[in-house]
Amino acid sequence: MWSFSVDHEADSDNGAPAYIPYSRDAGAKPEAHHRAGKRCCSLCGTGKRWHSIQEVVRRREIMAWKNIVGSPFDLDSFDAYCHSLSWTSWRPSFLVVHNTGVPSLDQRPKGFSKAHIQNLVSFYRDQKGWSAGPHLFIDDRQIWAFTPLTVSGVHSPSWNKLSIGIEMLGDYDKDEFNSGRGLAVHQNTVGAMATLSAVLGLDPSTIRLHREDKATTHACPGVKVRKIELIDEVQRLMAVRHTGEHLA
Numbered sequence: 001m002w003s004f005s006v007d008h009e010a011d012s013d014n015g016a017p018a019y020i021p022y023s024r025d026a027g028a029k030p031e032a033h034h035r036a037g038k039r040c041c042s043l044c045g046t047g048k049r050w051h052s053i054q055e056v057v058r059r060r061e062i063m064a065w066k067n068i069v070g071s072p073f074d075l076d077s078f079d080a081y082c083h084s085l086s087w088t089s090w091r092p093s094f095l096v097v098h099n100t101g102v103p104s105l106d107q108r109p110k111g112f113s114k115a116h117i118q119n120l121v122s123f124y125r126d127q128k129g130w131s132a133g134p135h136l137f138i139d140d141r142q143i144w145a146f147t148p149l150t151v152s153g154v155h156s157p158s159w160n161k162l163s164i165g166i167e168m169l170g171d172y173d174k175d176e177f178n179s180g181r182g183l184a185v186h187q188n189t190v191g192a193m194a195t196l197s198a199v200l201g202l203d204p205s206t207i208r209l210h211r212e213d214k215a216t217t218h219a220c221p222g223v224k225v226r227k228i229e230l231i232d233e234v235q236r237l238m239a240v241r242h243t244g245e246h247l248a
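Using our numbering, you'd call the opening residue of the sequence shown number 1 and step up by one each time.
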């Protein structure tokens, strides 16, 4: 789920740069950007002195924006796209499912647009100071590739380095997940996860919901999303569309 509340932020293994707030979903702790021997900024609550300029510059380099794909796919073209990729420098171990919460389905009556996706760049990169966002944004029409699937993203504090983050358009505490537009989002998400599981050799039983991350406060992806049903649907679709395929 998207969060517009700002705490502090860190999504690298070395913590966040000084002056940049972190969000809990970026994987930080308040002390993450505090170095031993240096009192930190007041955001930490550990002192009033700032890190050295050299440290700030080094950490800003760590947080360099990873760019986005910014392209929409239907299920068939997404499958072909994933088969064209190579995971050489980073390889995920499982998939994490989110819902956007805000916007809800009613707030995006035509799904995501190119402009919406570009606005997310400004939100994650410029407002939050993150190095990336989730990997996919899925609506009732298509699958938008955001952070490249071959690099780690930022979406769940404990699992950023381990997983692909998938955002479903909707608020599934309120929106229907098994009928109407919500069902179309549901089906597109299952299709995307079946492809990713087949191409990456992932066991669908390892699929996780954002709320299962003990380091987050979010109830995402909503009470109407049941993991056991998603796993079963992904397994059944893999048996139909990806027979014999397990490429890891």
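Where a beta carbon is used, it is the ideal one built from N, C-alpha and C, also for glycine. In this text the structure is predicted, and so the values were computed from the model without any measurement.
{"query": "Exposed unless 16 or more other CB atoms sit within 10 angstroms - verdict on His-83", "result": "exposed"}
{"query": "C-beta atoms of Ser-152 and Asp-213 nearer than 8 Å", "result": "no"}
{"query": "Under 8 Å between C-beta atoms of Gln-238 and Ser-205", "result": "Note that residue 238 corresponds to Met in the displayed sequence, not to Gln. No, these two residues do not count as a Cβ contact at 8 Å."}
{"query": "N-terminal and C-terminal residue of the beta strand (DSSP E) that Arg-95 is part of", "result": "Looking at the sequence shown, residue 95 is not Arg but Leu. Its beta strand (DSSP E) spans residues 94-99."}
{"query": "Thr-150 vs Trp-87 beta-carbon contact at 8 Å", "result": "yes"}
{"query": "Three-state class that DSSP yields for Gly-180 in the structure shown", "result": "helix"}
{"query": "Candidates Glu-176, Arg-91, Phe-78 and Gly-180, of which the one nearest Arg-226 by Cα", "result": "Glu-176"}
{"query": "Backbone secondary structure at Phe-137 - three-state DSSP", "result": "strand"}
{"query": "Unbroken alpha helix (DSSP H) run spanning Met-238, endpoints", "result": "227-241"}
{"query": "Proximal residues to Gln-235 (C-beta, below 6 Å), its chain only, five neighbours per side dropped", "result": "Pro-204"}
{"query": "Distance, Phe-73 Cα to Phe-250 Cα", "result": "This structure does not reach residue 250, given that the chain is present from 1 up to 248, and the question cannot be answered."}
{"query": "Where Thr-216 falls, given that 16 or more other Cβ within 10 Å makes a residue buried", "result": "buried"}
{"query": "Residue from Gly-201, Asp-106, Cys-220 and Leu-230 with nearest C-alpha to Asn-178", "result": "Leu-230"}
{"query": "Cβ of Val-225 within 8 Å of any chain C Cβ", "result": "Looking at the structure shown, chain C is missing, and only one protein chain is on hand."}
{"query": "Beta-carbon proximity check, Arg-181 vs Asp-140, cutoff 8 Å", "result": "yes"}
{"query": "Residue ranges of each beta strand (DSSP E) within the stretch 139-227, 3 or longer", "result": "143-145 and 163-168"}
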